[in-house]
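Trainee:
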Amino acid sequence: MLGTSLLLAFREIRRHLMRSFLTTLGIIIGVAAVITMVSLGRSVTADISDQISSLGSNVFFVFPIEGDRGQFRPFDERDVVAVREQIAGVKSVAGQVEANVTAIHNGQDWDSKVEGVNNDFLDARGIEIDEGRRFTEAEMEAGANVCIIGPTVQDEIFLPNQSPIGERLRLNNVDCQVIGVFATRGSVGGNGDDDNSVLMPLTNVQRRFTGNDNIGYMSVSYDASYDSATMTNAIVNLMRERRVLLDGQANDFDIVDTAQINETVQATVGTMTVMVAAIAAISLVVGGVGIMNIMLVSVTERTREIGIRLAIGALAREVRLQFLTEAVVLCCFGGLVGILLGFVLSYSLASVLGFAFIFDPGINVLSFVVSALIGIVFGYFPARRASQLDPIEALRHE
Amino acid sequence: MSTGPLIELRGITKTFGEGAAAFQALKGVNLSIERGDFVAVMGPSGSGKSTTMNILGCLDQPTGGVFRFMGQEVQSLTKDQRSLLRRRYLGFVFQGFNLLARTTALENVELPLLYRGTPKAERRAAAMRSLERVGLGPWADHTPAELSGGQQQRVAIARALVTDPEVLLADEPTGNLDSERSIEIMKFLRELNQQGITILMVTHEPEMAAFAKTIVHFKDGLVERIEAGEGITA
Ligand SMILES: Nc1ncnc2c1ncn2[C@@H]1O[C@H](COP(=O)(O)OP(=O)(O)O)[C@@H](O)[C@H]1O
Ligand SMILES: [Mg+2]
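One line per chain: the protein sequences are A and B, in this order. When we follow the working numbering, the leftmost residue of the first sequence carries the number 1, and every step to the right adds one. When we follow the working numbering, the leftmost residue of the second sequence carries the number 399, and every step to the right adds one.
Right under this line is the structure:
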């Protein structure tokens, strides 16, 4: 019986290809929109999460902020040592200070920044050396004129087939020797290109560029077996004590946790995805109403045909099944085309926007099932109407 | 069951509408039809011929009276049971042919078998045989729009025959055809009757009624008289 209905449904749809296509347009667009939104949401979350993990995992950033009496007190090397030595679970602590510079080599100049760091910084932030080497103890101690350049600096100043190792580079009026190139760190949206950077021993940058002992912020990496809340507490307590903050006074420093950033961003993007997909899903319902509309027209138009079928001996439920099947087949067809269109759209949008395309089988299957359900829900009423026609009346219908 | 007449109408009445607008189309029709008969139903327009045919075809229910088909009281059956009676024992031919448009002759003829759940190959073969029986084998792939009126009516007959029905009901089957085509159809119906199918046919043309074995005259919702047709001797 279902086979017969399927056969009849396919015959009918084939006979009205154009109309069938237009009828399902609502479903097609609805499904495509939902899939595109959800896929893009996935791509964006994955991309952000990627960027955040490029900051290193289990890392805190601690930086000074303005306190409640308007005071701004920068960190210095003693804070770094205190955190490293007084808090259990800390793996490495690295201070960083930076300044904008113009890098010049062989008459090529390029606007970049110099970051004063030690090898600890490379560890805390998971920065790999692509070519050359890290700093030596002696270089860090003495604040030697050596530097590790970022891939962007290499691309902009050095020739493609030329190794920069051992070359001399001038930063403003400080002359230094390139000892390494670090591998790409990626960049966190808004912060600019972290690969457009020159790393130099911390004391050298403090002496030659910033002119004081201050440290911009600390990167604290900790053992994964410690949980982030415990670590945060320990750091807050230590820093409050060192900065002599009384009870009731606000922290004049802030701690940012990469895991926490990640969670917040994921949750935000997730909520937005759900909202946009829900709006797109409304067009699916509108598509369902479109199907019902056309099916009702079709029942009226085919009243005579229904009369003939009933006269020949079709049971009411067979006629109902025929029209219901037709609606469901239409919706499934619309669902399939919508999935295809959604795939094409999300793939091309992802590549235009520069995200990695992520195929989510779940939303595809769900869209298809929902399409079929819409066919059942919105096809039922017209199908019931068809099955309740009186054969004689129907036969007389012009 | 097989002892009584194939079809038996006792005091059949049919009223359309209610109250002041009520109209009694049948006022107590009595009629028995034996297996193998070829009956022509005649009478003025509005005398209740089509109403009677619809009741006989289990498409409509009488308001009163008893309708027995193969010994079974049809008025006590459910809608679905009546559909199954139509499916198994009855073939219909209508004045307006009533073929599905944009559907080939073969698919039209296949239709009743589709509802019987006959497998595809068997269905195709039976439909083809039926079309050949009415001389339309070569037109199997044509749609009604591509066929003449006479050919369309033969497709309709092929569709009615494809299930090997007990009874063929035809309401003015030649009403839309010229006399040459009409006589062709009548000769064919007579042939079918000779092969054993009981035929009931409404017509108002005496030349067509002449093919029947029995002629039933209707008037004002009643059977006026029954006479033997020439078909008996032909
Ligand atoms: N569905 C209906 N509703 C109201 N009146 C009807 C209906 N069907 C038939 N009639 C009336 O019943 C009478 C008999 O109709 P019918 O059996 O079609 O006559 P005919 O002998 O011409 O075939 C006519 O007067 C017709 O108007
Ligand atoms: Mg009539």
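Virtual Cβ for every residue (Gly too), placed ideally from N, Cα, C.
1) Identify whether B/Glu570 lies in helix, strand or coil by the three-state DSSP scheme.
2) Would A/Val399 and A/Gly180 be called neighbours here (beta carbons separated by less than 8 Å)?
3) From A/His105, A/Arg42 and A/Leu284, pick the residue whose C-alpha is nearest to that of A/Ala33; which is it?
4) Is it right to say B/Met399 is buried, meaning 16 or more other beta carbons lie within 10 angstroms of its own, or is it exposed?
5) Distance cutoff 8 Å, beta carbons only. Does A/Arg15 sit that close to anything in chain B?
6) Only counting the same chain, and skipping five residues up and downstream in sequence, which positions put a Cβ closer than 6 Å to that of A/Asn204?
7) Cutting at 6 Å between CB atoms, please list the residues of its own chain near B/Glu505, excluding the five before and the five after it.
8) Which residues in chain A sit within 8 Å of B/Asn496, going by Cβ to Cβ distance?
9) Quick one, are the C-beta atoms of A/Phe135 and A/Val146 less than 8 Å apart?
10) Residues in its own chain within less than 6 Å of B/Glu508 by CB, not counting five upstream and five downstream?
11) Report the residue from A/Met200, A/Val117, A/Arg78 and A/Met292 whose alpha carbon sits nearest the alpha carbon of A/Ala94.
12) Evaluate the contact criterion for the stretch 117–128 of chain A versus the stretch 244–255 of chain A: three or more CB pairs, one atom per stretch, below 8 Å.
13) List, from N- to C-terminal side, the beta strand (DSSP E) runs of 3 residues or more that fit wholly inside the stretch 120–146 of chain A.
14) Any chance the CB of A/Val303 is under 7 Å from a heavy atom of ligand 1?
15) Name the chain A residues that come within less than 7 Å of B/Pro510, Cβ to Cβ?
16) Looking at the secondary structure, which residues open and close the beta strand (DSSP E) in which A/Leu171 lies?
17) Would DSSP call A/Gly189 helix, strand or coil?
18) Check this for me: beta carbons of B/Tyr513 and B/Pro563, under 8 Å apart or not?
19) What are the uninterrupted segments assigned as alpha helix (DSSP H) that are 4 or more residues long and contained completely in the stretch 508–590 of chain B, given in chain order?
20) Assuming B/Val437 and B/Leu559 make a contact with CB atoms under 8 Å, what is their CB distance in whole Å?
21) Mind pulling the chain A residues with CB within less than 8 Å of B/Arg484?
22) Give me the pocket residues for ligand 1, defined as CB within less than 5 Å of any heavy atom, sorted by chain position.
23) Name, please, each residue of chain B whose Cβ falls closer than 9 Å to the Cβ of A/Thr23.
24) Could you please give me the residues that DSSP links to B/Leu620 through a beta bridge?
25) B/Arg466 bridges to which residues according to DSSP?
26) Determine, using beta carbons only, whether B/Phe421 comes closer than 8 Å to chain A.
27) For A/Ile339, is the classification buried or exposed, using 16 other Cβ atoms within 10 angstroms of its Cβ as the cut-off for buried?
28) Would you list the one or two residues that DSSP bridges to A/Ser49?
29) Check the Cβ-Cβ distances between A/Gly189 and every residue of chain B, and say whether any is below 8 Å.
30) For the alpha helix (DSSP H) that contains A/Glu115, what are its first and last residues?
31) Taking Cβ positions only, does A/Ala316 come closer than 8 Å to chain B?
32) Cα separation between B/Arg485 and A/Ile28?
33) Buried or exposed: where does B/Gln592 fall if 16 or more other Cβ atoms within 10 Å of its Cβ makes it buried?
34) Which one of A/Leu336, A/Leu202 and A/Ala103 has the shortest CA to CA distance from A/Asn196?
35) Which residues in chain A sit within 7 Å of B/Lys477, going by Cβ to Cβ distance?
36) Does A/Ile282 have its Cβ less than 8 Å from a Cβ in chain B?
Mentor: Checking against the coordinates, here is how it stands:
1) Against the second sequence, residue 570 of chain B aligns to sequence position 172. B/Glu570 falls in the coil class under three-state DSSP.
2) No information on residue 399 of chain A is available, as it lies outside the stretch 1 to 398 that chain A covers here.
3) Counted from its first residue, the first sequence places residue 33 of chain A at position 33. Of the candidates A/His105, A/Arg42 and A/Leu284, the one whose C-alpha sits nearest the C-alpha of A/Ala33 is A/Leu284.
4) Residue 399 of chain B sits at position 1 when you count from the first residue of the second sequence. Because the pLDDT at B/Met399 is just 49, under 50, the model does not fix this residue reliably, and the value given afterwards should be weighed accordingly. So B/Met399 ends up on the exposed side.
5) The residue you call residue 15 of chain A lines up with position 15 of the first sequence. Yes, contact with chain B.
6) Indexing the first sequence from 1 puts residue 204 of chain A at position 204. Contacts found: Gly143.
7) Counting from one through the second sequence, the residue named residue 505 of chain B turns up at place 107. No residues qualify anywhere along the chain.
8) Here residue 496 of chain B is taken as the residue at index 98 of the second sequence, counted from 1. Residues of chain A passing the Cβ test: Arg304, Gly307, Ile308, Ala311 and Leu395.
9) To locate residue 135 of chain A, count along the first sequence from 1; it is residue 135. To locate residue 146 of chain A, count along the first sequence from 1; it is residue 146. Cβ distance < 8 Å, so A/Phe135 and A/Val146 count as in contact.
10) One-based indexing of the second sequence puts residue 508 of chain B at position 110. Taken in chain order, the residues that qualify are Arg521 and Ala525.
11) Within the first sequence, numbered from 1, the residue matching residue 94 of chain A stands at position 94. The option with the nearest alpha carbon to A/Ala94 is A/Val117.
12) no
13) 129–132
14) On the first sequence, position 303 is the one that residue 303 of chain A refers to. Note on identity: in this sequence residue 303 of chain A is Thr, with Val being the wrong assignment. It does not: the Cβ of A/Thr303 is nowhere closer than 7 Å to a heavy atom of ligand 1.
15) As a working note, residue 510 of chain B is residue 112 in the second sequence. Chain A residues near B/Pro510: Ile312 and Gly313.
16) In the first sequence, the residue the question calls residue 171 of chain A occupies position 171. Note, A/Leu171: beta strand (DSSP E), Arg168 to Leu171.
17) Here residue 189 of chain A corresponds to residue number 189 of the first sequence, with the count starting at 1. Confidence is the limiting factor: at A/Gly189 the pLDDT is only 44, short of 50, which leaves the residue's position unreliable and the question unanswerable from this model.
18) The residue labelled residue 513 of chain B in the question sits at position 115 within the second sequence. The residue labelled residue 563 of chain B in the question sits at position 165 within the second sequence. Contact: no.
19) 518–531 and 547–559
20) To locate residue 437 of chain B, count along the second sequence from 1; it is residue 39. To locate residue 559 of chain B, count along the second sequence from 1; it is residue 161. With a Cβ gap of about 18 Å, B/Val437 and B/Leu559 do not count as contacting.
21) If you number the second sequence from 1, residue 484 of chain B lands on position 86. Simply Ala311, Ile312 and Gly313.
22) B/Phe414, B/Ala423, B/Ser443, B/Gly444, B/Ser445, B/Gly446, B/Lys447, B/Ser448 and B/Thr449
23) Looking up residue 23 of chain A in the first sequence gives position 23. The premise fails here: A/Thr23 is roughly 17 Å from chain B at the closest Cβ pair, so nothing lies under 9 Å.
24) Stepping through the second sequence from its first residue, residue 620 of chain B is reached at position 222. Answer by DSSP bridge pairing, in chain order: B/Lys617.
25) As a first step, residue 466 of chain B is located in the second sequence; it is residue number 68 there, counting from the start. Answer is B/Glu406 and B/Glu471.
26) The residue you call residue 421 of chain B lines up with position 23 of the second sequence. So, not an interface residue.
27) One-based indexing of the first sequence puts residue 339 of chain A at position 339. Under this definition A/Ile339 is a buried residue.
28) Translated into positions along the first sequence, residue 49 of chain A becomes position 49. Answer is none; A/Ser49 lacks a bridge partner.
29) Taking the first sequence and counting its residues from 1, the one referred to as residue 189 of chain A is at position 189. Note on A/Gly189: pLDDT 44, under 50, position unreliable in the model; the coordinate value appears next. Cβ-Cβ to chain B under 8 Å: no for A/Gly189.
30) Numbered from its first residue, the first sequence carries residue 115 of chain A at position 115. Where A/Glu115 is concerned, there is no enclosing alpha helix (DSSP H), although the beta strand (DSSP E) it sits in stretches over Gln108 to Val117.
31) Locating residue 316 of chain A in the first sequence gives position 316, where the first residue counts as 1. Yes, contact with chain B.
32) For the purposes of this step, residue 485 of chain B is taken as the residue at position 87 of the second sequence. For the purposes of this step, residue 28 of chain A is taken as the residue at position 28 of the first sequence. Their Cα atoms are separated by approximately 39 Å.
33) Position 194 of the second sequence, counted from the start, is the residue given in the question as residue 592 of chain B. Per the 10 Å Cβ criterion, exposed.
34) Mapped onto the first sequence, residue 196 of chain A falls at position 196. The shortest C-alpha separation from A/Asn196 is found at A/Ala103.
35) For the purposes of this step, residue 477 of chain B is taken as residue 79 along the second sequence, with counting starting at 1. Going along chain A in sequence order, the residues near B/Lys477 (Cβ under 7 Å) are Ala316.
36) Numbered from 1 along the first sequence, position 282 holds the residue referred to as residue 282 of chain A. Judged by the 8 Å Cβ criterion, A/Ile282 is not in contact with chain B.
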